[in-house]
Amino acid sequence: MNHDFVSFGLENDSKVTTSLSHNGFEFDYLSSRWTLNRDVTVSVGFLDSFVQPLQEDIRETLVFYAETSSANHTSNIVKQLSLYKNLTGENDLTEKGFASFKNKVRKKDWYRVSVVRGMIRQMRFLGLDNHIDDDVFKLTDQWTLGGNDKGVAVLTLDPETGPFSDLEFEAIGLHAAHRYAEGGLRTDEYACLSMFKASGRRAVQIASIKCKDFSYSSEYTGSPTYVVLIPKAKVRGGKFRCILKPYALVNSVAQVVELHIKEQTAKVEAALGRKMTSEEKGELPLFIDVGTIEEIQSINPNDMMDYLKSELPHIKSSNLINKLNSTVKKLKIISERTGEPLKSTSYRFRYTLGTRAAREGAGTLTIANLLDHSDTQNVEVYVANSPEHAIYISQIMNQPLARYASAFAGKLVEDEAEANAENTGAARIPCREKGCDVGSCGTSSFCQDYAPIACYLCPKFRPWAHAPHQLILEWLVEERERLKADTNGDMQIVSINDRAILAVCQVIQLCKEHNNG
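Right under this line is the structure:
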């Protein structure tokens with residue numbers, strides 16, 4: 024990690040051409056790369072090909088953005104300006120160049136033209152427009168350029184980029200719990216997945232959380248609840264962690280987060296060779312970045328608190344997203360919609376939280392608050408989408424790809440004898456409602472889950488190849504119809520056992536294949 028951060032007295036040759044980004048990172052504005060925060064480094068080498076003296080005006084404008092705006096906003100302007108240069112071949116900001124730029128990008132990408140137009144308007148405001156012809160402003164001010172399309176992935180229920188289906192979302196939770204129990208996931212991986220799944224927050228927000236942000240509090244709910252203060256993202260003019268909002272977490276998430284914090288703190292203390300003070304522990308990030316442990320050893324003890332309070336030890340958003348995606352990959356879940364391994368992005372968890380809330384009847388203001396939006400312009404898409412989700416599970420149950428969904432996690436055995444060979448005296452799994460036994464338990468540990476429904480979803484379950492699993496399916500479908508009548512078609516309740524229905528279907532299919540040789 025190679026950051027120059029002003030507060031620490033880290034080695035730093037002060038130059039006349041040194042600027043300070045909005046997030047407090049020093050960069051030389053004559054260099055070809057500017058590091059603006061822990062996540063964003065922009066390449067501005069292409070500016071050298073613009074004509075002088077316009078080149079200096081553009082550079083000065085970009086320095087203004089870097090110093091006063093978010094790193095992502097600055098990065099976006101640089102990207103679109105570079106695209107203008109590449110598509111038009113112009114080394115000047117001209118009427119011809121802008122007309123060509125607008126013609127060469129697709130209509131749905133006109134927001135890119137809008138970004139460069141916004142930059143030249145800022146140049147005019149800053150008095151840096153002396154080398155741009157007035158005709159450029161007259162032309163571009165006439166254009167109506169929309170923003171980028173909002174919510175396409177959500178509205179279309181895209182199986183790779185949109186919200187997870189209920190079956191997929193439940194599979195993530197179940198498989199993660201099983202894999203963690205078996206030692207297939209590390210605590211930091213399980214904590215990372217749990218935070219995205221529970222909160223639906225953006226990666227930059229979860230990456231900015233510190234250990235002191237977690238506490239048990241009665242302030243919001245009346246009874247002690249595990250609450251995390253999550254930094255808001257996309258705050259206009261906002262600095263690192265300038266606004267924190269409370270978010271309640273369930274006990275299962277609390278347990279894994281607390282264990283992760285304990286393990287990570289112990290690692291940092293081992294590297295330092297001393298116990299940390301409670302204040303230092305509180306300032307530690309929830310997820311430290313690669314290289315933080317090495318860097319922390321070289322920090323002067325007098326500068327330690329300044330370092331910990333900054334964003335430097337925090338994981339980069341891109342590294343956190345990689346951790347999330349690699350964790351989901353380890354779960355080896357097959358999507359029932361594609362028949363392929365489940366694709367994960369941090370935004371899919373966010374979209375899922377919104378669509379599930381909409382299906383429960385939440386309005387736009389509630390969803391905007393739940394997803395930490397500052398207004399409601401981007402949340403209408405969730406409410407518009409809820410009817411499709413109401414019938415979604417019913418459609419999935421009839422899809423040929425349903426057999427690929429990762430619902431049944433156990434192992435089919437010939438009979439009780441084979442189950443006992445693996446686990447001596449294995450407990451039988453009964454279905455009292457149908458008066459039959461359907462398999463054995465692959466573990467001797469105490470279990471309070473509801474048999475046999477939970478068993479079909481458990482990796483320890485050993486269904487017998489000749490057991491009457493169709494009776495279980497019959498019972499579950501009868502129960503589904505009863506719930507539909509009793510709850511007036513409330514699909515959230517009706518679909519509660521759909522994953523188990525799918526698992527039983529898969530067991531029946533496996534039995535057919537087994538018994539037919």
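Counting along the sequence shown from 1, when you hit position 500 you're at 523 in our numbering, and nothing is skipped either side.
Beta carbons: idealized from backbone N, C-alpha and C, even for Gly.
Keep in mind the model is a prediction, meaning the values are calculated, not measured.
Would you mind giving the Cβ-Cβ distance between residue i and residue j, rounded to the nearest angstrom? I have them listed as a contact below 8 Å.
| i | j | result |
| --- | --- | --- |
| valine 74 | tyrosine 107 | That pair is no contact at about 14 Å. |
| isoleucine 232 | proline 254 | 7 Å |
| phenylalanine 310 | aspartate 211 | 7 Å |
| phenylalanine 431 | tyrosine 479 | 6 Å |
| serine 367 | alanine 226 | Rounded, the Cβ-Cβ distance is 12 Å, inconsistent with contact. |
| leucine 335 | glutamate 303 | Contact doesn't hold; Cβ gap of about 14 Å is too wide. |
| alanine 221 | leucine 272 | 6 Å |
| isoleucine 143 | valine 159 | 7 Å |
| phenylalanine 50 | asparagine 60 | 10 Å between Cβ atoms; not a contact. |
| glutamate 90 | serine 358 | Actually they do not touch by this definition, with Cβ atoms about 45 Å apart. |
| leucine 77 | aspartate 115 | 6 Å |
| leucine 110 | tyrosine 134 | Rounded, the Cβ-Cβ distance is 15 Å, inconsistent with contact. |
| serine 463 | alanine 442 | 3 Å |
| arginine 522 | glutamate 242 | Not confirmed; about 36 Å, so no contact. |
Considering Cα atoms alone, identify which of the options is closest to residue i.
| i | options | result |
| --- | --- | --- |
| arginine 371 | Asn60, Ser188, Leu162, Gln471 | Ser188 |
| serine 467 | Gln529, Asn446, Leu309, Gly458 | Asn446 |
| cysteine 215 | Thr315, Asn342, Asn114 | Asn342 |
| phenylalanine 69 | Ile195, Lys346, Ile81, Ala430 | Ile81 |
| leucine 435 | Leu496, Leu533, Leu376, Ser301 | Leu533 |
| aspartate 71 | Phe48, Thr58, Glu113, His45 | Glu113 |
| glutamate 83 | Gln103, Leu149, Arg144 | Leu149 |
| isoleucine 266 | Arg360, Gln228, Lys457, Lys535 | Gln228 |
| cysteine 459 | Leu496, Glu242, Gly448, Asn323 | Leu496 |
| leucine 197 | Gln278, Lys290, Tyr213, His154 | Tyr213 |
| valine 291 | Arg264, Leu272, Gln320 | Gln320 |
| leucine 537 | Asp326, Ile357, Glu437 | Position check: residue 537 holds histidine in this sequence, whereas leucine was assumed. The residue with the shortest Cα to Cα distance from histidine 537 is Glu437. |
| leucine 347 | Leu116, Ser217, Val530 | Ser217 |
| lysine 6 | His154, Val530, Ala94 | One cannot answer for residue 6 here, as it falls past the ends of the chain, which runs 24 to 540. |
| glycine 362 | Gly245, Pro182, Trp133 | Pro182 |
| glutamine 287 | Ser275, Lys268, Tyr270, Pro308 | Pro308 |
| leucine 104 | Met299, Val136, Trp57 | Val136 |
| glutamine 278 | Ala200, Asp326, Asn323 | Ala200 |
| arginine 264 | Gly448, Glu439, Asn539, His45 | His45 |
| alanine 122 | Asp513, Tyr88, Ile195, Asp164 | Asp164 |
Determine whether the beta carbon atoms of residue i and residue j lie at a separation below 8 Å.
| i | j | result |
| --- | --- | --- |
| aspartate 152 | glutamate 118 | no |
| aspartate 312 | histidine 337 | yes |
| leucine 354 | arginine 202 | yes |
| valine 86 | serine 42 | yes |
| glycine 502 | asparagine 520 | Here residue 502 is glutamate; the residue named in the question, glycine, does not match the sequence. Cβ distance < 8 Å, so glutamate 502 and asparagine 520 count as in contact. |
| isoleucine 516 | leucine 499 | no |
| valine 527 | histidine 492 | yes |
| serine 240 | valine 250 | yes |
| glycine 185 | cysteine 234 | no |
| leucine 506 | lysine 457 | no |
| leucine 365 | glycine 223 | no |
| phenylalanine 237 | valine 280 | yes |
For residue i, list the residues DSSP reports as bridge partners.
| i | result |
| --- | --- |
| alanine 271 | Val250 |
| threonine 41 | Asp51 |
| isoleucine 155 | Bridge partners of isoleucine 155: none, in fact. |
| aspartate 164 | Aspartate 164 is not bridged to any residue. |
| arginine 56 | Ser66 |
| proline 308 | Lys233 |
| aspartate 460 | Pro453 |
| isoleucine 284 | None; isoleucine 284 has no bridge partner. |
| tryptophan 487 | Val436 |
| isoleucine 524 | Paired residue(s): none; isoleucine 524 is not in a bridge. |
| isoleucine 357 | Pro364 |
| serine 137 | Looking at the DSSP assignment, serine 137 forms no beta bridge with any residue, so it has no partner. |
| tyrosine 239 | Tyr249 |
| tyrosine 337 | Reading off the sequence shown, one finds histidine at residue 337, where the question assumed tyrosine. According to DSSP, which records beta bridges pairwise, histidine 337 is partnered with Ile311. |
Is there a Cβ of chain B sitting closer than 8 Å to that of residue i, yes or no?
| i | result |
| --- | --- |
| glutamate 90 | No chain B appears in this structure, which consists of one protein chain only. |
May I ask whether a heavy atom of the ligand ADP can be found less than 7 Å away from the beta carbon of residue i?
| i | result |
| --- | --- |
| alanine 490 | By its list of ligands, the structure shown contains no ligand whatsoever, and the ligand ADP lies outside what it can speak to. |
(message) When you compare the stretch 477-488 with the stretch 447-463, are there three or more beta-carbon pairs, one atom per stretch, that lie closer than 8 Å?
(response) As far as the Cβ criterion goes, the stretch 477-488 touches the stretch 447-463, which means the pair count is three or higher.
(request) Report yes or no: do the stretch 93-107 and the stretch 56-67 share at least 3 C-beta pairs separated by less than 8 Å? (result) yes
(message) Closer than 8 Å is the cut-off here; do at least three beta carbon pairs connect the stretch 347-362 with the stretch 190-207?
(response) yes
(request) Would you check if the stretch 313-331 and the stretch 289-301 touch, i.e. whether three or more CB-CB distances between them fall below 8 Å? (result) yes
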